[in-house]
Amino acid sequence: MRRRGGDPGPREIVQRMMTTAASTRKHMSRFILRVLPIEVSCYASEEEISRAIKPLVEQYFPIEAENPQKFAVLYDARANSGIDRMKIINSVAKSIPGPHKVDLNKPDKSIVVQIVKSCEIAIK
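Numbering follows full-length UniProt numbering, with no gaps: position 121 of the sequence shown is 121.
Next up, the structure:
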């Protein structure tokens with residue numbers, strides 16, 4: 001599925017779903033267990049993940065930020081045992097520019113890296 005110019009992104013769609021569910025107190029679907037707004041998908045390797053995350057870093061973590069963001073990297077891998085967890089976490093954390101800092105307890109943004117054969121990345 002590709003996004004067109006005026007279409008809402010995954011983050012906006014999930015935000016709207018959660019807001020509607022909270023305000024109406026009704027289930028949107030009885031088959032949804034988890035919704036994760038995936039913004040980028042790539043091959044599950046350190047090099048490809050580093051390359052794929054660059055546009056998201058530019059969008060959510062600008063270098064010239066007035067208020068630097070605190071962030072955490074949330075890593076989860078299933079059906080793929082060939083990747084070193086800490087290599088991926090360190091690679092993602094190093095791609096975030098200087099004024100922004102890691103805070104695992106109270107992050108402003110979470111970078112979600114899900115590996116299920118391929119790699120899916122989201123920032124929420």
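Positions of the beta carbon are idealized from the N, C-alpha and C atoms, including for glycine.
Tell me residue i's beta-bridge partners as DSSP assigns them.
i   : result
L74 : V112
K94 : Beta-bridge pairing links K94 to no other residue.
Looking at residue j and residue i, is the spacing between their C-beta atoms short of 7 Å?
i   : j    : result
L36 : A93  : no
E48 : S91  : no
Q69 : K109 : yes
F71 : P97  : no
On the criterion of 16 or more Cβ atoms from any shown chain inside 10 Å, does residue i qualify as buried, or is it exposed?
i   : result
F31 : exposed
How many Å lie between residue i and residue j at the Cα?
i    : j    : result
L74  : P10  : 18 Å
A44  : I13  : 25 Å
I38  : R16  : 15 Å
C42  : N67  : 30 Å
V116 : H100 : 28 Å
What residue ranges within the stretch 8 to 77 form continuous alpha helix (DSSP H) runs of no fewer than 4 residues, ordered along the chain? If only uninterrupted alpha helix (DSSP H) runs of at least 4 residues are considered, those enclosed by the stretch 8 to 77 are 10 to 24 and 46 to 60.
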